[in-house]
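This report concerns only the one structure given below.
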Amino acid sequence: VDELRYSILQVEDGITQVDGRVNEMADDFAREFNRITNRLDDQKTRALAYSTQLRMMLDDICSLHPNKLSPGDAEDISEALTYALSDIDYGDYQAAIGVSQINLINASVLQSKLEILNDEYSQLLVHIYERCSSIHERIDSLKKPENNIYNLPFADISEEFDGRIPFWSSGLFDEIELNFRRICDAVESRYEVDMDIDSLKDALVEIVHIEEQLDECIAVAHNEYYEFLRVQQLAISLYEALTYDGSWHLHADSSGYTDADERRPYRMVLVDGCGNVASIVVFHNREIRSQTRRGVEYGETQFMLDVCDGDTMSDADLCEIIRRGLLSRLEESHIDIGRGNRQDSRISDSNSTEFITNTVIVGDKIKDDRIAAAGNHMRIKQTGR
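Taking the working numbering, the leading residue of the sequence shown gets 94, the next gets one more, and so forth.
Quick look at the structure:
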C-alpha cells in the first residue's frame, strides 16, 4: 500500500513539474505565433489567423473530456472565441486579436493539462482492472474447497485443512467479497464514467486492502478449523475416559455438534445403568480472543460437565457426588479438569436439556465475539486507525 501511495504521489509530483513546463511552452508558443502573425499587415487577416488557431485548439480540447476533468475551463475559452468572432464581424480587429492572444495561452495550458489527466486516468484504470481481475480469480478459487486443501501451519496438528474458507470464516469471507463487489460496481458505474481520478485513486487503495483482508480471512479460517480439531480431540478423549468400562454409554440422539454445525459447541450426553445423565458441552475457547498489534490471541478449548439424576435434578447432593466421580475418572486419564468447570453464574438449570442449551449459548457467544474481533481488526487496519 505504501508503495502504491508513493507511486501515486510520484505521478502527482510529475504533473506539478510538467505544469510548470507547460506554462513555459505556452509562453514560447504565444511568442512564436505572435512573431508570425505580426508579419501580416492586414489587421483583419491577423484577427482571422488568431481566431482560427484558437478554434483548432478548442476542438482538440473538446476531445479530451474537459467537462469531466477540468469543468468550466473549456467553456471560458469557447466564450472568448465567440467574443473574438463577434469583434471581427463588427470590424474591431484589434479587440479580436487581443482576446485571441490571451486565450491561446490559456488554451495551450488547458490542452496540456487535459492530456496529462487523461493519461493518469487511463493508467489508473489499467491498474484497477488488473487488480480486480486477479482478486476475482482468487475469490472464485477460495470458494472451492478442493483448491484449498493443505496441511495446517500449526506445529501440534498434522491434519489437513478441509478447504472450506467461507464456512470457517463465519461470514468474514462473504463480507470481504461483498465489499469488493461494491468497490468494483462504484468504479464501473460512477468513477470510470465520471472520470473521477481522486475516487479512482481511493478505490485502488481499497482494492489493495481487499487482498490483505483475504490473507487475514484465510488465517481466521485456519484458526477456526484448528479450534474445531481441538474440540473434536477433547470430545473423543472425554468419551473414551468416561465409557471405557461400560458403566456409561453415549446417548447418540442427544449428542453431536449443535444443529450439525461444526463451528458450534459439541454436546455429549452419557447415561449410566441407574438412569443418571451426564451432560458435557465442549466449545472453542474459554477466553474471547484479545486484540493486539499483531492480531488476535486464542485461549484454550474447554468443556463444561453437569449431572442430573434422571430427566431432572431431584437430588443435588447425589448429582454433585456423581459429577466429582466423573471428574476423578478424567484426572485418571490425564485430562485437565481445570478445563471442565461447572456452569458459571450466568447459567442456572435444573435438567440436562437446559444445561446444554444455556452452555451452548455461552459457547456461541464466545465464538461470535471471536469472529467479530477478527472482523474489527481487519477494518481497523484498512482505515489505519
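We put the CB at the ideal spot given by N, CA and C, even for glycine.
Asked                                                                                                                              : Found
Backbone secondary structure at S372 - three-state DSSP                                                                            : strand
M406, enclosing beta strand (DSSP E) - first and last residue                                                                      : From DSSP, M406 is part of no beta strand (DSSP E); its letter is neither H nor E.
Cut-off 7 angstroms between Cβ atoms - residues of its own chain near E424, not counting five sequence neighbours on either side   : I430
Among L203, M149, Q326, T138, nearest to P159 - alpha-carbon criterion                                                             : L203
Unbroken alpha helix (DSSP H) run spanning H220, endpoints                                                                         : 186–235
Boundaries (first-last residue) of the beta strand (DSSP E) holding Y337                                                           : That residue, Y337, is in no beta strand (DSSP E); it is neither H nor E in DSSP.
Beta-carbon contacts of A177 that lie in its chain and below 6 angstroms, excluding the five residues immediately before and after : S144, A189, V192, S193
Through-space distance from Y214 to Q187, alpha-carbon basis                                                                       : 40 angstroms
Exposure of V286, with buried meaning 16 or more beta-carbon neighbours within 10 Å                                                : exposed
Stretch pair the segment 298–306 + the segment 214–233: three plus CB contacts closer than 8 angstroms                             : yes
Burial state of K458, where buried means 16 or more other Cβ atoms lie within 10 Å                                                 : exposed
Helix, strand or coil at Y176 [DSSP, three-state]                                                                                  : helix
I473, buried or exposed, once every other Cβ within 10 Å from all chains shown has been counted against 16                         : exposed
Proximity winner among G256, E333, Q216, V455, relative to A314 (alpha-carbon distances)                                           : G256
Completely contained alpha helix (DSSP H) runs for the segment 253–299, where each covers 4 or more residues                       : 258–261, 265–279
Spatially closest choice to T175 from K161, N469, L151, by CA coordinates                                                          : L151
Environment of T138 [buried if 16+ CB atoms lie within 10 Å]                                                                       : exposed
I428 to S330 span [Cα, whole Å]                                                                                                    : 8 angstroms
Length of the line joining the Cα atoms of R382 and T446                                                                           : Only weak support is given to the placement of R382: the predicted model assigns it a pLDDT of 42, under 50, and the value that follows is read from those uncertain coordinates. Straight-line Cα distance between these residues: approximately 28 angstroms.
Distance CB(L218)-CB(L147) smaller than 8 angstroms                                                                                : no
Other residues of its chain near R478: CB distance less than 7 angstroms, five sequence neighbours each side excluded              : Note that R478 scores 44 on pLDDT, short of 50, meaning its location in the model is unreliable and no value can be drawn from it.
Sequence-distant residues of the same chain with beta carbon closer than 6 angstroms to V375, five excluded per side               : V324, L327, A328, Y359, F396
Contact check, S154 vs L210, beta carbons under 8 angstroms                                                                        : Reading off the sequence, residue 154 comes out as Ile, not Ser. Taking 8 angstroms as the Cβ cut-off, I154 and L210 do not qualify as a contacting pair.
As assigned by DSSP and simplified to three states, the class of L307                                                              : helix
Local conformation of N241 per DSSP, three classes                                                                                 : coil
Inter-residue spacing [alpha-carbon to alpha-carbon] between R416 and D402                                                         : 11 angstroms
Separation of Q216 from L141, as counted between CA atoms                                                                          : 39 angstroms
H377 (DSSP reduced to helix, strand or coil)                                                                                       : coil
Backbone CA spacing between R48 and W341 [nearest angstrom]                                                                        : Lying before the first or after the last residue shown, residue 48 is absent from the chain, which here runs from 94 to 478.
Inter-residue spacing [alpha-carbon to alpha-carbon] between N316 and I269                                                         : 18 angstroms
Chain D within 8 angstroms of T446, Cβ atoms only                                                                                  : As a matter of chain content, chain D is missing from the structure shown, which is built from one protein chain.
L157 - DSSP class collapsed to helix/strand/coil                                                                                   : coil
Reduced DSSP secondary structure (H/G/I, E/B, other) of Y319                                                                       : helix
R148, DSSP secondary structure in three states                                                                                     : helix
Nearest neighbour of P259, chosen from H220, A312, G184 [CA to CA]                                                                 : A312
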